[in-house]
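**Student:** My numbering runs 53 ahead of the 1-based position in the sequence shown.
Cβ atoms here follow ideal geometry from the backbone N, Cα and C, with glycine treated the same way.
All values derive from a computational prediction rather than experimental measurement.
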Amino acid sequence: MKYLVLIVLSVFFLNCKQEKTEELSAQSIIDSSIEVSGGKQIAASEIGFTFRDIHYKAKRLNGTYALIRKQNKGKDWIIDSLTNTDFKRSVNNTSVEVPDSMVTRYSASVNSVHYFSVLPYGLNDQAVNKKRLEDSSIKGKNYYAIQVTFDPNGGGEDFEDVFIYWINKATEKVDYLAYSYNEDDGKGLRFREAYNERYLNGIRFVDYNNYKPEDATVSLAILPQLFEGGKLQLLSKIELENLSVSLH
Numbered sequence: 054m055k056y057l058v059l060i061v062l063s064v065f066f067l068n069c070k071q072e073k074t075e076e077l078s079a080q081s082i083i084d085s086s087i088e089v090s091g092g093k094q095i096a097a098s099e100i101g102f103t104f105r106d107i108h109y110k111a112k113r114l115n116g117t118y119a120l121i122r123k124q125n126k127g128k129d130w131i132i133d134s135l136t137n138t139d140f141k142r143s144v145n146n147t148s149v150e151v152p153d154s155m156v157t158r159y160s161a162s163v164n165s166v167h168y169f170s171v172l173p174y175g176l177n178d179q180a181v182n183k184k185r186l187e188d189s190s191i192k193g194k195n196y197y198a199i200q201v202t203f204d205p206n207g208g209g210e211d212f213e214d215v216f217i218y219w220i221n222k223a224t225e226k227v228d229y230l231a232y233s234y235n236e237d238d239g240k241g242l243r244f245r246e247a248y249n250e251r252y253l254n255g256i257r258f259v260d261y262n263n264y265k266p267e268d269a270t271v272s273l274a275i276l277p278q279l280f281e282g283g284k285l286q287l288l289s290k291i292e293l294e295n296l297s298v299s300l301h
């Protein structure tokens with residue numbers, strides 16, 4: 054009788070665990086991933102880094118932000134600053150007027166680097182839509198798959214882009230992501246593999262191996278299979294250097 058009770062209890066708790074896993078929403082999975090990646094710290098921080106010889110700094114506090122890019126072009130130092138309210142550019146510490154047609158492009162360029170630097174932070178913005186896809190396995194590990202799309206209003210210049218994030222079930226961290234994009238020179242797909250994980254003041258940072266498939270018409274969802282089969286081409290490495298973090 055004692056063993057029968059143990060078996061019944063084991064089955065009960067196993068079923069509860071399975072039901073809990075099945076009931077997890079895309080929102081709750083993303084919330085947990087943001088938390089373990091240092092979301093609370095990011096929300097009140099100043100983060101600096103270098104990416105491809107360009108200097109970046111992000112200042113975030115109480116829902117406000119200033120995303121800054123400083124780059125050298127010839128004899129000129131160009132500083133771009135994107136905030137909650139506007140975009141500004143200065144050349145050699147002198148403000149310059151930017152045509153409206155270029156403000157959107159420059160803003161998107163600045164935002165994209167900062168966006169990738171602290172993923173999955175930012176996936177709870179109002180313009181973000183999240184959908185849970187079928188779970189998958191990559192290199193023997195189990196993953197939640199979350200699809201992310203954007204509303205036209207507030208989704209930026211590239212609101213038509215589609216992302217999939219593969220979040221490790223054991224660690225709740227983003228190990229892989231893929232996205233489709235549309236640009237003037239055509240459509241494309243990218244698959245990124247996170248590596249070189251490190252934490253600074255409680256904030257997770259990673260670098261990425263950046264891949265593309267030979268066929269840009271394949272589904273985003275099958276890119277992990279192509280990756281495991283060695284059928285993706287390594288294009289570049291996304292590496293953050295000279296990282297610094299201070300918390301408010």
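1) Given a cut-off of 8 Å, decide if Val227 and Tyr234 are closer than it, judged by their beta-carbon atoms.
2) Work out the CA separation of Glu225 and Ser85 for me, nearest whole Å.
3) Cα-Cα, which of Leu242, Ile191 and Gly241 is closest to Asn221?
4) Please return the same chain residues whose Cβ sits closer than 6 Å to the Cβ of Gly91, not counting the five positions on each side in sequence.
5) Is the CB-CB distance between Asp260 and Tyr232 below 8 Å?
6) Quick check on Ile275: buried or exposed, where buried means 16 or more other Cβ atoms within 10 Å of its Cβ?
7) What is the DSSP secondary structure of Thr74, reduced to helix, strand or coil?
8) So is Gln179 buried or exposed if we call it buried at 16+ other beta carbons inside 10 Å?
9) Where do the N-terminal and C-terminal ends of the beta strand (DSSP E) with Ala105 fall, by residue?
10) Considering only their Cβ atoms, is the gap separating Phe102 from Asn263 smaller than 8 Å?
11) Note down the Cα distance separating Asp133 from Arg142, rounded to an integer number of angstroms.
12) Using the three-state DSSP reduction, which class does Ser160 fall into: helix, strand or coil?
13) Less than 7 Å between C-beta atoms, sequence neighbours within five positions excluded: which residues of the same chain meet that for Thr74?
14) Which residues does DSSP list as the beta-bridge partners of Gly241?
15) How about the stretch 151-158 and the stretch 168-187: do they share at least three Cβ pairs that are nearer than 8 Å?
16) In angstroms, rounded to a whole number, what distance separates the CA positions of Asn195 and Asn146?
17) Could you tell me if Leu273 is buried or exposed, where buried requires 16 or more neighbouring beta carbons within 10 angstroms of its beta carbon?
18) Check whether the Cβ atoms of Ser189 and Pro277 lie closer than 8 Å to each other.
19) With Phe280 and Phe244 assumed to form a contact (beta carbons below 8 Å), what rounded beta-carbon distance in angstroms separates them?
20) For the beta strand (DSSP E) that Pro266 lies in, which residues bound it at each end?
21) DSSP puts Ile217 in a beta bridge; with which residues?
22) Taking the alpha helix (DSSP H) that Leu276 belongs to, which residues open and close that run?
23) Relative to the alpha-carbon of Phe107, which residue among Lys126, Val89, Leu77 and Leu186 has its alpha-carbon at the smallest distance?
24) Mind checking whether Val163 and Leu186 have CB atoms under 8 Å apart?
25) Where does the unbroken alpha helix (DSSP H) through Val89 begin, and where does it stop?
**Tutor:** Working from what's here:
1) The count along the sequence shown starts at 1 and reaches residue 234 at position 181. The count along the sequence shown starts at 1 and reaches residue 227 at position 174. The answer is no: Cβ separation not under 8 Å.
2) For the purposes of this step, residue 85 is taken as residue 32 along the sequence shown, with counting starting at 1. For the purposes of this step, residue 225 is taken as residue 172 along the sequence shown, with counting starting at 1. The alpha-carbon atoms of Ser85 and Glu225 are separated by roughly 7 Å.
3) Start at 1 with the first residue of the sequence shown, and residue 221 comes out as number 168. Measuring from the Cα of Asn221, the nearest candidate turns out to be Ile191.
4) The residue labelled residue 91 in the question sits at position 38 within the sequence shown. Gly255, Ile256 and Arg257.
5) Start at 1 with the first residue of the sequence shown, and residue 260 comes out as number 207. Start at 1 with the first residue of the sequence shown, and residue 232 comes out as number 179. Going by C-beta atoms, Asp260 is not nearer than 8 Å to Tyr232.
6) Taking the sequence shown and counting its residues from 1, one reaches residue 275 at position 222. Burial call: exposed.
7) Locating residue 74 in the sequence shown gives position 21, where the first residue counts as 1. Note that Thr74 scores 47 on pLDDT, short of 50, meaning its location in the model is unreliable; the coordinates nonetheless yield the value given after this. Of the three classes helix, strand and coil, the one that applies to Thr74 here is helix, per DSSP.
8) For the purposes of this step, residue 179 is taken as the residue at position 126 of the sequence shown. Exposed, since its Cβ has fewer than 16 Cβ neighbours within 10 Å.
9) Taking the sequence shown and counting its residues from 1, the one referred to as residue 105 is at position 52. Here residue 105 is Arg; the residue named in the question, Ala, does not match the sequence. Where Arg105 is concerned, there is no enclosing beta strand (DSSP E), given that its DSSP letter is neither H nor E.
10) Within the sequence shown, the letter at position 210 stands for residue 263. Within the sequence shown, the letter at position 49 stands for residue 102. No; because the gap between Cβ atoms is not below 8 Å, this pair is not in contact.
11) Start at 1 with the first residue of the sequence shown, and residue 133 comes out as number 80. Start at 1 with the first residue of the sequence shown, and residue 142 comes out as number 89. Roughly 5 Å between the two C-alpha positions.
12) Within the sequence shown, the letter at position 107 stands for residue 160. Note: Ser160 maps to helix in three-state DSSP.
13) As a working note, residue 74 is residue 21 in the sequence shown. Per-residue confidence for Thr74 stands at a pLDDT of 47, beneath the threshold of 50, marking its modelled position as unreliable; no derived number is given.
14) On the sequence shown, residue 241 is found 188 positions in, with the first residue counted as 1. Bridge partners of Gly241: Tyr234.
15) no
16) Stepping through the sequence shown from its first residue, residue 195 is reached at position 142. Stepping through the sequence shown from its first residue, residue 146 is reached at position 93. Spanning the two alpha carbons is a distance of roughly 50 Å.
17) The count along the sequence shown starts at 1 and reaches residue 273 at position 220. Leu273 comes out buried.
18) Against the sequence shown, residue 189 aligns to sequence position 136. Against the sequence shown, residue 277 aligns to sequence position 224. In this structure, Pro277 lies closer than 8 Å to Ser189 by Cβ.
19) Position 227 of the sequence shown, counting from 1, holds the residue named residue 280. Position 191 of the sequence shown, counting from 1, holds the residue named residue 244. With a Cβ gap of about 6 Å, Phe280 and Phe244 count as contacting.
20) Your numbering for residue 266 matches position 213 in the sequence shown. Note, Pro266: beta strand (DSSP E), Ile256 to Pro266.
21) Working through the sequence shown from its first residue, we reach residue 217 at position 164. Note: Ile217 sits in a beta bridge opposite Gln200 and Ala231.
22) Here residue 276 refers to the residue found at position 223 of the sequence shown. First-last of the alpha helix (DSSP H) with Leu276: Leu276 to Glu281.
23) Position 54 of the sequence shown, counted from the first residue, corresponds to residue 107. Here residue 107 turns out to be Ile, not Phe, going by the sequence shown. Selected option, being the one with the closest Cα: Lys126.
24) Position 110 of the sequence shown, counted from the first residue, corresponds to residue 163. Position 133 of the sequence shown, counted from the first residue, corresponds to residue 186. Their beta carbons are not under 8 Å apart, which means Val163 does not touch Leu186 by this criterion.
25) On the sequence shown, residue 89 is found 36 positions in, with the first residue counted as 1. Start and end: Ala79 to Val89.
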